[in-house]
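First the structure, in the form of structure tokens, and then the observations on it.
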Amino acid sequence: MATVASFAAVVLAAGAASRFGGGKLLADFRGAPLLHGALAAARAATPGAITVVTGADAEAVAACARAFDPDIRLVHAADHAEGMAASLRAGIASLAPEIDAAFVFLGDMPRVPQAVLAPLAAAVAAGAPAAAPVFGGRRGNPVVLGRALFGEVAALRGDVGARPILQALGARLALVETDDDGVLFDVDERSDLTGR
Numbered sequence: 039m040a041t042v043a044s045f046a047a048v049v050l051a052a053g054a055a056s057r058f059g060g061g062k063l064l065a066d067f068r069g070a071p072l073l074h075g076a077l078a079a080a081r082a083a084t085p086g087a088i089t090v091v092t093g094a095d096a097e098a099v100a101a102c103a104r105a106f107d108p109d110i111r112l113v114h115a116a117d118h119a120e121g122m123a124a125s126l127r128a129g130i131a132s133l134a135p136e137i138d139a140a141f142v143f144l145g146d147m148p149r150v151p152q153a154v155l156a157p158l159a160a161a162v163a164a165g166a167p168a169a170a171p172v173f174g175g176r177r178g179n180p181v182v183l184g185r186a187l188f189g190e191v192a193a194l195r196g197d198v199g200a201r202p203i204l205q206a207l208g209a210r211l212a213l214v215e216t217d218d219d220g221v222l223f224d225v226d227e228r229s230d231l232t233g234r
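Heads up: the sequence shown runs through residues 39 to 234, numbered per the numbering used here.
Spelled out as structure tokens, the structure:
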């Protein structure tokens, strides 16, 4: 729940979902499309802009996002087949110059705990270049990237997301402990839809 208007949220929703068999973000999870869980967390994170990055199934994903909120910004990652880096690059590059930091949500993570959002934002607002949640010693999502890292995002390649940038930060990466495994839970296969 960032109160600073300079925080934005980017939801990566461009993957082909090959392990799932396609259509993953539209699949029902607890009575709503899977993507809506990530969008709800993004809305809780910031009153500012939410950008959904589409790729595979772009029209269907866009319609699903707009059903959640007609004002959601849509950005298409034309090179989405390259992997997560392409989606992240497209989302970050689309942000307005006045945006100081961006939450990065993954569209297939529907259980992000809202309680972790304000501490993540506060860590970056206090000067950390980035922040990430931790559950049981494992780093999860969403991450918050400060503007100083946006240039490094532009150089990312492959299916890695922001991982190399966060690892390079070492102790400068703010870690926010949580007791909710929703920061790790994602849906990769249809059987995951009934889990946890």
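Glycine residues also receive a C-beta, built at the ideal position from the N, C-alpha and C atoms.
With contacts defined by Cβ atoms closer than 8 Å, Val90 and Val49 form a contacting pair.
Phe188 carries a helical assignment under DSSP once its states are collapsed to helix, strand and coil. Taking C-alpha positions only, Gly208 is separated from Thr232 by approximately 36 Å. Distance between Gly175 and Ala156, taken at the CA atoms: about 20 Å. About 5 Å separates the CB atoms of Arg195 and Ala123; that is less than 8 Å, so the two are in contact. The beta-carbon separation of Asp107 and Leu77, rounded to 7 Å, stays under the 8 Å limit for a contact.
Asp230 sits in a helix when the DSSP states are folded into three classes. Taken atom to atom, the span from the alpha-carbon of Arg201 to that of Glu190 is near 11 Å.
Note that the C-beta distance between Ala140 and Ile130 is below 8 Å. Beta-bridge partners of Asp66 (DSSP): Pro71. No Cβ-Cβ contact shorter than 8 Å links Ala153 with Ala161.
The secondary-structure analysis by DSSP pairs Ile203 with nothing; it has no beta-bridge partner. Approximately 5 Å separates the beta-carbon atoms of Ala46 and Leu133; this is inside 8 Å, confirming the contact.
Counting only the Cα atoms, Gly75 lies some 7 Å from Met147.
A straight line joining the alpha-carbon of Ile203 with that of Leu187 spans about 8 Å. Closest option to Asp197, judged by alpha-carbon separation, among Val181, His118 and Arg149: His118.
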